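Numbering that gives the first Met the number 0 puts the last residue of the sequence shown at 150; the count rises by one with no breaks. As structure tokens, the structure follows; a few thoughts come after it.
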Amino acid sequence: MVHEFTKENIDAIAEILQTQAKPLGNDVYRLEVVNEEEPRRLALEIHLGLDVNGERLNMVSVYAQNTFLQLHNCTAFIASDMLKQVTFFGRQDDRTSGLIIEQGAGCSLYANVSETILNSDFTQLPEDLMMCAIALSLTESIDPDSFSFDE
């Protein structure tokens, strides 16, 4: 199920990342995140309601030095002022992917993660899986059947 981003959603994402959203046409927004101290930078593009063979999907792309990432079928996001990051989620069946963009121009991707891992006691998981389970634990607050970007 595709959910509609609103201008307010885009603005909230930009505010958390301490940048401005620049429209590129009617259905793409570009946000450039810069960390002068380290020095790091990345560009985030949010593609709204792409038509793919008659089906609509949202896509988030990240461009960074030597890196290009895409999250297809973005069904939710959580912008956290406390964590200073925005986490975009894509969910299909019992698999979740999460793309995390940090205010300091950092980026992490966790792809195709089973609900079994997300529902586990993360303290009992191997260390490499523990980070993933913690990072994507935010999905617990999202009901995929009733999620709205206006929450």
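Even glycine gets a Cβ: it sits at the ideal position worked out from N, Cα and C. Every value quoted in this text rests on a predicted model; they were computed, and no experiment measured them.
{"query": "Alpha-carbon to alpha-carbon, N8 and L166", "result": "Examination of residue 166 is not possible in this model, given that the chain is present from 0 through 150 alone."}
{"query": "Residues near I133 by beta carbon distance below 7 angstroms, same chain, minus five either side", "result": "F121"}
{"query": "Any beta strand (DSSP E) of 3 or more consecutive residues that is wholly inside the stretch 11-42", "result": "20-22 and 27-34"}
{"query": "V59 versus N52, G48 and G53, residue with shortest Cα-Cα distance", "result": "G48"}
{"query": "CA-to-CA distance, C106 to E35, given in whole angstroms", "result": "16 angstroms"}
{"query": "Selected residue, minimal CA-CA separation from F117, among S96, A104 and E101", "result": "Residue identity check: residue 117 is Leu in the sequence provided, not Phe. Nearest C-alpha to L117: S96."}
{"query": "Start and end residues, alpha helix (DSSP H) containing T66", "result": "T66 -> not in any alpha helix (DSSP H); beta strand (DSSP E) instead, spanning T66 to H71."}
{"query": "Helix, strand or coil at N8 according to DSSP, with G and I counted as helix", "result": "helix"}
{"query": "As assigned by DSSP and simplified to three states, the class of M130", "result": "helix"}
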